[in-house]
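Have a look at the structure below before the remarks.
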């Protein structure tokens with residue numbers, strides 16, 4: 002259990018939300034359905050997977066075209082970060098940096114959630130894009146995965162490249178690649194970020210799930226479906242506070258609970274994420290594996 006002195010709920014919770022959202026930025030590479038709407042753990046959420054529309058020679062107007070597959074995602078995952086503060090600590094300690102502490106708590110929660118979701122890339126029966134050592138990973142491997150998606154008629158728009166820190170660092174060492182990125186923006190040199198490459202949104206993550214066999218993936222959002230909802234306490238609860246805190250841009254929602262234990266003289270605060278995930282259209286994602 003983490004401990005924080007003189008906890009200010011609102012400052013802590015809002016900065017925790019920022020940490021969660023920033024860490025889960027690579028979820029933009031997947032199909033998502035996020036909402037502060039409350040559900041109970043184990044409930045289902047429908048996540049739409051939008052397929053490509055097809056042009057054809059005119060024959061009539063009463064023809065249905067295009068596909069919208071709906072994936073049923075069970076909200077059956079629950080991660081949290083616990084924080085505790087007893088009466089003596091609260092009375093004798095000075096105020097800590099709540100902004101930094103809250104952000105770290107949210108980032109830790111986001112890291113665990115993304116690690117869990119990304120296990121699908123190792124177990125979801127997705128096709129291989131390439132298998133290569135870290136030192137040999139570069140533009141040619143990205144091109145190969147991109148071409149596989151194109152040959153499989155995966156939509157060109159909305160594709161992403163998600164990489165572990167090691168292959169991403171290798172890209173930062175390719176001088177010609179960096180020069181091209183610098184010509185469009187200075188974020189590569191200044192922030193160590195590569196916004197786009199070869200028509201792909203690029204995300205670096207240090208949250209791959211504890212395996213060296215997978216370095217990332219190249220794909221379209223239809224490959225994996227993710228949903229999250231607020232986990233509301235049951236009626237009759239005695240929490241001092243229990244509420245949802247939602248990011249207005251992404252819909253990502255953090256659950257916030259607080260209660261006091263009279264027996265131990267301790268105030269407990271928890272931030273939590275209630276979510277689920279499922280394989281979408283397996284043809285929409287290609288795995289990048291590591292040989293060394």
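Numbering (our numbering), first residue to last: 2 to 293.
Note that the Cβ used here is the ideal one computed from N, Cα and C, for glycine as well.
DSSP three-state label for residue i, please.
{"i": "residue 284", "result": "helix"}
{"i": "residue 54", "result": "Interpretation of residue 54 is limited by its pLDDT of 49, a score under 50 that renders its predicted location unreliable; the figure taken from the coordinates is listed afterwards. Coil."}
{"i": "residue 119", "result": "helix"}
{"i": "residue 167", "result": "helix"}
{"i": "residue 201", "result": "strand"}
{"i": "residue 277", "result": "strand"}
{"i": "residue 220", "result": "strand"}
{"i": "residue 292", "result": "coil"}
{"i": "residue 268", "result": "strand"}
{"i": "residue 162", "result": "strand"}
{"i": "residue 262", "result": "strand"}
Would residue i and residue j qualify as a contact pair, given that the criterion is a beta-carbon distance under 9 Å?
{"i": "residue 282", "j": "residue 196", "result": "no"}
{"i": "residue 76", "j": "residue 43", "result": "yes"}
{"i": "residue 296", "j": "residue 220", "result": "Missing from the structure shown is residue 296; the chain here goes from 2 to 293 and no further."}
{"i": "residue 279", "j": "residue 121", "result": "yes"}
{"i": "residue 232", "j": "residue 256", "result": "yes"}
{"i": "residue 227", "j": "residue 161", "result": "no"}
{"i": "residue 169", "j": "residue 24", "result": "no"}
{"i": "residue 301", "j": "residue 209", "result": "Nothing can be reported for residue 301: it is not among the residues displayed for the chain, which extend from 2 to 293."}
{"i": "residue 135", "j": "residue 167", "result": "yes"}
{"i": "residue 30", "j": "residue 107", "result": "no"}
{"i": "residue 14", "j": "residue 272", "result": "yes"}
{"i": "residue 317", "j": "residue 284", "result": "Examination of residue 317 is not possible in this model, given that the chain is present from 2 through 293 alone."}
{"i": "residue 39", "j": "residue 241", "result": "no"}
{"i": "residue 267", "j": "residue 85", "result": "yes"}
{"i": "residue 222", "j": "residue 159", "result": "yes"}
{"i": "residue 247", "j": "residue 259", "result": "no"}
{"i": "residue 163", "j": "residue 206", "result": "yes"}
{"i": "residue 118", "j": "residue 198", "result": "no"}
Count the other CB atoms within 10 Å of the CB of residue i; is the residue buried (16 or more) or exposed (fewer)?
{"i": "residue 217", "result": "buried"}
{"i": "residue 71", "result": "exposed"}
{"i": "residue 20", "result": "buried"}
{"i": "residue 265", "result": "exposed"}
{"i": "residue 165", "result": "buried"}
{"i": "residue 235", "result": "exposed"}
{"i": "residue 237", "result": "exposed"}
{"i": "residue 73", "result": "exposed"}
{"i": "residue 110", "result": "buried"}
{"i": "residue 11", "result": "exposed"}
{"i": "residue 214", "result": "exposed"}
{"i": "residue 141", "result": "exposed"}
{"i": "residue 171", "result": "buried"}
{"i": "residue 146", "result": "buried"}
Please name the residue or residues paired with residue i in a DSSP beta bridge.
{"i": "residue 255", "result": "246"}
{"i": "residue 72", "result": "48"}
{"i": "residue 232", "result": "40"}
{"i": "residue 226", "result": "32 and 279"}
{"i": "residue 240", "result": "DSSP output for residue 240 lists no bridge partner at all."}
Hey, would you say the C-beta of residue i is under 8 Å away from at least one heavy atom of the ligand FAD?
{"i": "residue 83", "result": "Ligands displayed in this structure: none; no statement on the ligand FAD is therefore possible."}
Which ranges would you report for the alpha helix (DSSP H) in the segment 74-158 if only whole runs of at least 4 residues count?
-> The qualifying runs are 88-93, 99-124 and 140-152.
Ordered list of alpha helix (DSSP H) runs contained in the segment 4-53, each at least 4 residues = 10-24, all fully within the segment 4-53.
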